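Asker: My questions all concern the structure below.
Residue numbers (our numbering): 36 to 365.
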């Protein structure tokens, strides 16, 4: 039945899209991500559907109910808005973290756009919403995005990477040659069935993993359980080790300095408009400025009759070293 599987109900979804055909999508990001550049472009001429959007739980890699929908062109905000809000219906959490490849652009005015949806699809005002860019995709963004949408700087996400959706696509892509030739209903039924099977296999795997807590001998566990056991014990040991390393590092600073830094982080976590403590200060001087100052200093020393003792001056030696370092990085 419509709305009981991964796909959203088609009628209200299509109505929403039809009402936002000319919705402006201004791009101020430094990246050239396809989801931004081709948002209004049909990448598959001749097809009624150019792709799909899927919403998953990044903790368990489970596909959300009402968390999938077809794309008519690129990843337009109207498509993404409807599917995300539909996937969150019934969720009662105090904090929600949304990750998306271009969340730096999509998150702008998303609360204002949400006001156009029915009350049951709106995220309650009592819920705190954080947004971030997945760990691999953020490398294609500029410094501003890396500083403000980095999951590593976000409170409450732990070591979440946000790239599990790519695993989901890897398991779905083999169906593409078949579903591209199907009608809308058959296509939806096929993908709903596939994603239901995906969730079922995941949940069965969880049961095997959790058997660890009740099985006294790990050699009786299936392979997945043994792997989970290995990772758990490794995480337990590394947590203690890294805690000790962190405490040793903190001890090298004065208590006042540490307290000040913690206060800066707390203010930024509470209000994203506060100064970001993770933004690295940029110096006023550039490499060319330093080169010019060294050249002037050499000229002054030469005017005083103090010539360099070697054929290569100190400034030339330093600049050659920087150039060698740059060539090695490339």
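Yeah, the Cβ is synthetic: ideal placement off N, Cα and C, and Gly gets one too. Please read all numbers here as calculations on a predicted model, not as lab measurements.
Under three-state DSSP, which class holds residue 87?
Answerer: In the structure shown, residue 87 sits in a strand (DSSP, three-state: E or B).
Asker: Ignoring anything shorter than 4 residues, give me the alpha helix (DSSP H) runs that lie fully in the region 284-358, in order along the chain.
Answerer: Here the runs fully enclosed are 290-305, 322-338.
Asker: State whether the region 117-133 contacts the region 152-160, with contact taken as three or more CB pairs (one from each stretch) at a distance under 8 Å.
Answerer: The region 117-133, when compared against the region 152-160, does touch it at the 8 Å Cβ threshold.
Asker: Take residue 314 as the anchor and find which of 281, 299, 100 has the nearest alpha-carbon.
Answerer: Nearest option by C-alpha distance: 299.
Asker: Quick one: Cα of residue 230 to Cα of residue 66, how far?
Answerer: So the alpha carbons of these two residues sit roughly 31 Å apart.
Asker: How far does the alpha helix (DSSP H) with residue 199 in it extend, from its first residue to its last?
Answerer: Unbroken alpha helix (DSSP H) run through residue 199: 199-207.
Asker: Return the first residue and the last residue of the alpha helix (DSSP H) that residue 114 is part of.
Answerer: Residue 114 -> alpha helix (DSSP H) spans 112-122.
Asker: Nearest-angstrom Cα distance between residue 110 and residue 92?
Answerer: Cα-Cα distance, rounded: 20 Å.
Asker: Is DSSP giving residue 158 helix, strand or coil here?
Answerer: Coil at residue 158, not helix or strand.
Asker: By Cβ distance below 6 Å, which residues in the same chain neighbour residue 148 in space, the five residues on each side in sequence not counted?
Answerer: For residue 148, where only same-chain residues beyond five positions count, the Cβ hits under 6 Å are 116.
Asker: Buried or exposed: residue 204, going by 16 or more other Cβ atoms within 10 Å of its Cβ?
Answerer: Label assigned to residue 204: exposed.
Asker: Could you check how far apart the C-beta atoms of residue 107 and residue 85 are, in whole angstroms? I think they sit under 8 Å.
Answerer: Yes, residue 107 and residue 85 are in contact; Cβ-Cβ is about 6 Å, under 8 Å.
Asker: Which residues mark the beginning and the end of the alpha helix (DSSP H) in which residue 53 is found?
Answerer: 45-53 is the span of the alpha helix (DSSP H), which, as asked, contains residue 53.
Asker: Just reading off the alpha helix (DSSP H) that residue 139 is part of, what are its end residues?
Answerer: Start and end: 138-141.
Asker: Mapping DSSP to helix, strand and coil, what is residue 227?
Answerer: If DSSP states are grouped into helix, strand and coil, residue 227 belongs with the helices.
Asker: Hey, residue 132 and residue 192: beta-carbon distance below 7 Å or not?
Answerer: Contact: yes.
Asker: Which residue marks the beginning of the alpha helix (DSSP H) containing residue 194, and which one marks its end?
Answerer: Where residue 194 is concerned, there is no enclosing alpha helix (DSSP H), given that its DSSP letter is neither H nor E.
Asker: Using C-beta distances below 7 Å, list every residue in its chain close to residue 223, excluding the 5 sequence neighbours before and after it, in chain order.
Answerer: Taken in chain order, the residues that qualify are 42.
Asker: Could you check what DSSP says for residue 239 in three-state terms: helix, strand or coil?
Answerer: If DSSP states are grouped into helix, strand and coil, residue 239 belongs with the helices.
Asker: Which residue's Cα is closest to the Cα of residue 150: 138, 171, 113, 184?
Answerer: Nearest C-alpha to residue 150: 113.
Asker: Just to confirm, is the Cβ distance from residue 234 to residue 98 under 7 Å?
Answerer: Yes, Cβ-Cβ distance for residue 234 and residue 98 is below 7 Å.
Asker: I need the straight-line Cα distance from residue 171 to residue 186, nearest angstrom please.
Answerer: When rounded, the distance between both Cα atoms is 11 Å.
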